[in-house]
Amino acid sequence: MRTPYVFTVADPDFYEPLDAAASHGGELRPSTVPPGWHGTPSGIWTMWRRDGLETVPAGWKVHVSARPGRLGHVLDVVAAVCCEQDVSFKHLSTRLFYGWTHQKHASRPQSGKFCAAYPPDPDAARRLMERLDEALADEEGPYILSDRRFGTSRTVHYRYGSFLRRQRLRADGTPVLLVPDGRGRLVEDVRGVSFRLPDGVEDPFTAAAETPSGQADFGGYVFEAALRHSNGGGAYRGRHKATGRKVFIKEARAHTGIGAGGANAQQRLRAEWETLQALHTAAPGLAPEPLAYFSEWEHDFLVTEFVEGDSLSSWTVLHNPLIRRDAGAADFADYYGRCERVLARTEEAMDRLHAAGYLFVDVSPGNLLVAEDDTVRLIDFESAHRIGTPFVASGTPGFSPPTALVGDDPAVHDAFGLSALALLTLCPLHQVVERAPAALTYVRHDLRRRGIDIPPSLWRRATAFHHAELLDDGRAPGGDPLAPPAPERVAEAPEESLLWLRERVAEGLTAMAEADHPRRVFPTVPEGHLSNTFCLAYGTAGVVHALRRAGTPLPDSVLGRLRTDALGAVDSLGPGLWTGLAGIARVLADCGHTQEAVDLLAAADRHPLTRSDATLAGGGAGVALTHLALYGHTGDARHLEHAAQLAAGLADGPGALTPRLGPDDATGLWHGRTGVALMFQQLAAVTGDKDYLDKGLPLLHAELDRESDPSAVQMSFPVSTTDVRRMPYLYCGSAGVLHTVTRYLRERDDERLAAASPRLLTALTTSYTGMSGLGQGLSGLALVLSEHAALTGSASSRRLAVDAACGLFAHAVPHHTGVRFLGDQMLRLSAELWSGSAGVLLALTEVLSPAPDPLFTVDAVAASRA
């Protein structure tokens, strides 16, 4: 499951896997099993096998789904049948795990899978399913999207897949599970939202299979486009077949999409239909007009009018001038005026709703649409609640009040949500402000320095539930020696303030180290748990690098754990610089463990991804760059030879690299041509062979060809062919391209790069971004600006770097052990380099004490050879 929410269950502060939860919420076990059968925990599952029972590598896996109230009975039936037929099986271990794998935002391919059995051959699978079909004839359960149902059963499903874990790695460090196809070749075991078979494998149960209708025209409506999907169902744009009227259609799947209080998607959709009908009578035009409610197959559908407009979250991204350094007072005055109109109209709509006898409860930016004339409409009344009746609150993180704040007054949900919408129009720092309410004052003071005042009424709206922690003039209360410097002090003495912040971040990082933790040393993000917790991007190596660069003493146990973990997992790690062996080798070498680094890099050389993937983050370019670094440490010319050999395999031109940049032809430093071009420049600098520049320049030109808007003042790029977002960040956007272009311009006169450089620089000139991290946040911009100043002597870039670094105070979360930062998606604190405190520390160190190669280049090696 890649959804970040499942990683927020186990711990209130850090991302952790679901099975790390201290309280598992109701253990599930069969009532009885025969002698010789043993249950073994495995993540969120319990696996049952008989002594001596062998498991075949792959075959027809049988899944059984169940309703929440029938889990115990269904498990007892499955266990009895499997033991009777001598088939190993597993089941979700607790009701907590069941709830989170069946809730609205759970993984869609995973949902519905309560029990899984592993029959040894097709005949055994058929016997097992026939017996389960008979024993569970009166049961119902969610339809498992990756499977087919057996016969007329509403609970028994099957799919062809791997029984034993065989895998290969993606370049990002995550595993791809493998299964043999009809010829015995290992191919990806696709676990998606439809039934798929590998080439050459046929379904022996086809005659017994039932599949849901794929028809896109039923109930009198034509389904024209999918707007979004969740585990509970989809949302679609459609039209009424008879009249052509444009409509919005919401789908609810049976027995899944479980929400707060245990209601499933269909129960919630039916309640929403009833609410919309009542509101259409009591307050016409307030809610979307309800048009129809019908069922097709096992799904329910709600049809309403189609409301035009942008969600408030999209509207603020389009219009908020905060991230534009060139925006003036007039731009902000116009924007804030529009915000106040939008918020006032939202409050009017909410007052009408309350007068009609309802609370909205889930007041969040996705549930509010803003039209071109700034009129607003509330949508998605799934959580709306009739005043005075019992309910279980559900809402959106950052827009829902803490339980202690609600008390006995459920109306606080709407009041808090309205305040959170106002905060969104200023800046989306909700998760930071919940932990450190004074953070918003840094943004306000920065705007005041630019001659821009937030209207008092808008400020009061945004801080209505945080006023106790803020003084009337917007400053944090003083007197606490551990408190961050006030915004005024940061402006008056920026470098002194940044020194304070760097020391506190380093203290906070070392305090988070847990060298005896079974899964990781430092708190990481979901990407780290899904890939590995050792690498530069998400693991111990990245934190060690940041602490070493900052001059912070490193506990011996941490470095020892990194060496032990990396060497012990060498066969399961990818080769990459940011996500695998090469990056760990670089850090170990920098810490004096050269032989271990050489051994790890040799393993990276042997890895298939080193040849099949070209990228800096996970493939050959990063491995080649690390060989240059190891040459600097050892003087062994064989590292130069290895780097040259890898470079030769990447020198076939921009088009030839496309298949080796991942499935979506990414742009940028980590996953695009920019990172490969950087490797060529570094190789030229170390070896003195300028011909390598001729290999890299076409790659940079090809990257520039993909800019999003050539008429814009700043230069930006889509993330990939499938992701058209334009971001200024280090891993995918303008900052990573500038990082590379600057180095080329020191070596070559190139008109196109020279023209691009100031536009790339303009994209970085902000002191505010939505996240603080190195890879996709403000820290990365500050670091690249500081490097640009060091490489070019630009005083302007130096000022911009300091300015960007000072913006990190708005993201800082003070803690008694130091200062911490929220990681990717801003739901939990994290230590890693990619998005957490280590990346912030690395950027602060570079801004305060510039030194070569903070981002694993080898400029110092090149300078020593020169």
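Take the sequence shown: its position 73, counting from 1, is numbered 73 in UniProt numbering, and each next residue is one higher. Virtual Cβ for every residue (Gly too), placed ideally from N, Cα, C.
Item to check | Whole-Å CB distance - residue 868 paired with residue 195, under 8 Å assumed | outcome: Examination of residue 868 is not possible in this model, given that the chain is present from 1 through 866 alone.
Item to check | Burial state of residue 690 (16 or more Cβ within 10 Å) | outcome: Here residue 690 corresponds to residue number 690 of the sequence shown, with the count starting at 1. Residue 690 is exposed by the Cβ-count criterion.
Item to check | Exposure label - residue 724; buried when at least 16 CB within 10 Å | outcome: Start at 1 with the first residue of the sequence shown, and residue 724 comes out as number 724. Under this definition residue 724 is an exposed residue.
Checklist entry - Among 349, 188, 428 and 250, which residue has its Cα nearest to the Cα of residue 179? => result Within the sequence shown, the letter at position 179 stands for residue 179. Answer by Cα proximity: 188.
Item to check | Environment of residue 443 [buried if 16+ CB atoms lie within 10 Å] | outcome: Here the question's residue 443 lines up with position 443 in the sequence shown. It counts as buried.
Item to check | Completely contained beta strand (DSSP E) runs for the region 282 to 328, where each covers 3 or more residues | outcome: 290 to 296 and 299 to 305
Checklist entry - Can the beta-carbon of residue 769 be found less than 9 Å from the beta-carbon of residue 778? => result Sequence index remark: in the sequence shown, residue 769 carries index 769 (1-based). Sequence index remark: in the sequence shown, residue 778 carries index 778 (1-based). Yes. Within cutoff.
Checklist entry - Who are the Cβ neighbours of residue 18 in its own chain at under 7 Å, not counting the five residues just before and after it? => result Counting from 1 along the sequence shown, the entry for residue 18 is found at position 18. Closer than 7 Å at Cβ, skipping near neighbours: 6, 9, 10, 44, 97 and 100.
Checklist entry - With residue 74 and residue 81 assumed to form a contact (beta carbons below 8 Å), what rounded beta-carbon distance in angstroms separates them? => result Translated into the one-based positions of the sequence shown, residue 74 becomes position 74. Translated into the one-based positions of the sequence shown, residue 81 becomes position 81. About 11 Å; that fails the 8 Å criterion.
Next on the checklist: Taking a contact to mean a Cβ-Cβ separation below 9 Å, would you say residue 857 touches residue 746 in this structure?
Outcome noted: Taking the sequence shown and counting its residues from 1, one reaches residue 857 at position 857. Taking the sequence shown and counting its residues from 1, one reaches residue 746 at position 746. Cβ atoms of residue 857 and residue 746: not closer than 9 Å.
Checklist entry - Between which two residues does the beta strand (DSSP E) harbouring residue 814 extend? => result One-based indexing of the sequence shown puts residue 814 at position 814. Residue 814 -> beta strand (DSSP E) spans 813 to 815.
Checklist entry - So who's on the other strand from residue 249, going by DSSP bridges? => result In the sequence shown, the residue the question calls residue 249 occupies position 249. Answer is 236 and 303, bridged to residue 249.
Item to check | Inter-residue spacing [alpha-carbon to alpha-carbon] between residue 88 and residue 118 | outcome: Taking the sequence shown and counting its residues from 1, one reaches residue 88 at position 88. Taking the sequence shown and counting its residues from 1, one reaches residue 118 at position 118. Taking the straight line from one Cα to the other gives about 6 Å.
Checklist entry - Between residue 210 and the rest of its own chain, which residues show a CB-CB distance below 6 Å, the 5 nearest in sequence each way excluded? => result Taking the first residue of the sequence shown as 1, we reach residue 210 at position 210. Its pLDDT being 49, under 50, residue 210 is placed unreliably by the model, and nothing is read from it.
Next on the checklist: For a test of the three-state rule: what should DSSP assign to residue 615, helix, strand or coil?
Outcome noted: Taking the first residue of the sequence shown as position 1, residue 615 is located at position 615. Here residue 615 sits in coil by DSSP.
Next on the checklist: Once the 5 residues before and after residue 331 are set aside, which same chain residues still bring their CB inside 8 Å of it?
Outcome noted: Residue mapping note: residue 331 aligns to position 331 of the sequence shown, counting from 1. Cβ neighbours of residue 331 beyond the five flanking positions: 321 and 324.
Checklist entry - What are the boundary residues of the alpha helix (DSSP H) that residue 679 is part of? => result Sequence index remark: in the sequence shown, residue 679 carries index 679 (1-based). Run containing residue 679: 673 to 687, per the alpha helix (DSSP H) assignment.
Checklist entry - Based on Cα-Cα distance, which residue from 788, 749, 752 and 753 lies nearest to residue 764? => result For the purposes of this step, residue 764 is taken as residue 764 along the sequence shown, with counting starting at 1. Comparing Cα positions, the closest option is 788.
Next on the checklist: Quick check: the Cα distance between residue 581 and residue 676, rounded to an integer number of angstroms?
Outcome noted: For the purposes of this step, residue 581 is identified with residue 581 of the sequence shown, where counting begins at 1. For the purposes of this step, residue 676 is identified with residue 676 of the sequence shown, where counting begins at 1. Spanning the two alpha carbons is a distance of roughly 18 Å.
Next on the checklist: Taking the straight line between their C-alpha atoms, what separation do you get for residue 310 and residue 833?
Outcome noted: Here residue 310 refers to the residue found at position 310 of the sequence shown. Here residue 833 refers to the residue found at position 833 of the sequence shown. Roughly 34 Å between the two C-alpha positions.
Next on the checklist: In this structure, how does DSSP classify residue 819 when only helix, strand and coil are distinguished?
Outcome noted: Taking the first residue of the sequence shown as position 1, residue 819 is located at position 819. Residue state, collapsed to three classes: strand.
Item to check | Cβ neighbours of residue 451 in the same chain (closer than 6 Å, five flanking residues each side left out) | outcome: Taking the first residue of the sequence shown as 1, we reach residue 451 at position 451. Taken in chain order, the residues that qualify are 329.
Next on the checklist: By the DSSP assignment, the alpha helix (DSSP H) with residue 695 in it spans what residues?
Outcome noted: In the sequence shown, the residue the question calls residue 695 occupies position 695. Unbroken alpha helix (DSSP H) run through residue 695: 691 to 704.
Checklist entry - Where does residue 139 fall in DSSP's three states? => result Translated into positions along the sequence shown, residue 139 becomes position 139. Three-state result, residue 139: coil.
Item to check | Contact the region 711 to 724 vs the region 646 to 659: 3+ CB pairs below 8 Å | outcome: no
Checklist entry - Is it true that the CB of residue 687 sits closer than 9 Å to the CB of residue 640? => result The sequence position of residue 640 within the sequence shown is 640, counting from 1. The sequence position of residue 687 within the sequence shown is 687, counting from 1. Contact: yes.
Next on the checklist: Which of the three DSSP states is assigned to residue 214 in this structure?
Outcome noted: Residue numbering aside, residue 214 sits at position 214 when the sequence shown is read from its first letter. Summary for residue 214: the model assigns pLDDT 49, below 50, so the residue's position carries little reliability; its value from the coordinates is reported in the next sentence. Residue 214 falls in the coil class under three-state DSSP.
Checklist entry - With which residues is residue 188 paired in a DSSP beta bridge? => result The sequence position of residue 188 within the sequence shown is 188, counting from 1. According to DSSP, which records beta bridges pairwise, residue 188 is partnered with 178.
Next on the checklist: Rounding to the nearest angstrom, what Cα-Cα distance links residue 490 and residue 841 in this structure?
Outcome noted: Translated into positions along the sequence shown, residue 490 becomes position 490. Translated into positions along the sequence shown, residue 841 becomes position 841. Taking the straight line joining both Cα atoms gives about 17 Å.
Checklist entry - Distance, Cα to Cα, residue 222 vs residue 248? => result Mapped onto the sequence shown, residue 222 falls at position 222. Mapped onto the sequence shown, residue 248 falls at position 248. Those two C-alpha atoms are separated by around 11 Å.
Next on the checklist: Between 837, 794 and 795, which has its C-alpha nearest residue 814's C-alpha?
Outcome noted: Reading the sequence shown from its first residue, position 814 is the one you call residue 814. Residue 837 is the option with its Cα nearest to residue 814.
Next on the checklist: Rounding to the nearest angstrom, what Cα-Cα distance links residue 217 and residue 855 in this structure?
Outcome noted: On the sequence shown, position 217 is the one that residue 217 refers to. On the sequence shown, position 855 is the one that residue 855 refers to. In a straight line, the C-alpha of residue 217 is about 54 Å away from that of residue 855.
Item to check | For residue 359, the three-state DSSP class (helix, strand or coil) | outcome: In the sequence shown, the residue the question calls residue 359 occupies position 359. DSSP places residue 359 in strand when its eight states are reduced to three.
Checklist entry - What residue ranges within the region 478 to 535 form continuous alpha helix (DSSP H) runs of no fewer than 4 residues, ordered along the chain? => result 487 to 492, 494 to 512 and 526 to 530
Checklist entry - Given 8 Å as the limit, is there contact between the region 450 to 466 and the region 792 to 800, that is, 3 or more CB pairs closer than that? => result no
Next on the checklist: Tell me which residues share the same chain as residue 740 and place their Cβ nearer than 6 Å to its Cβ, disregarding the 5 neighbours each side in the sequence.
Outcome noted: The residue you call residue 740 lines up with position 740 of the sequence shown. These residues qualify, in order along the chain: 674, 677 and 678.
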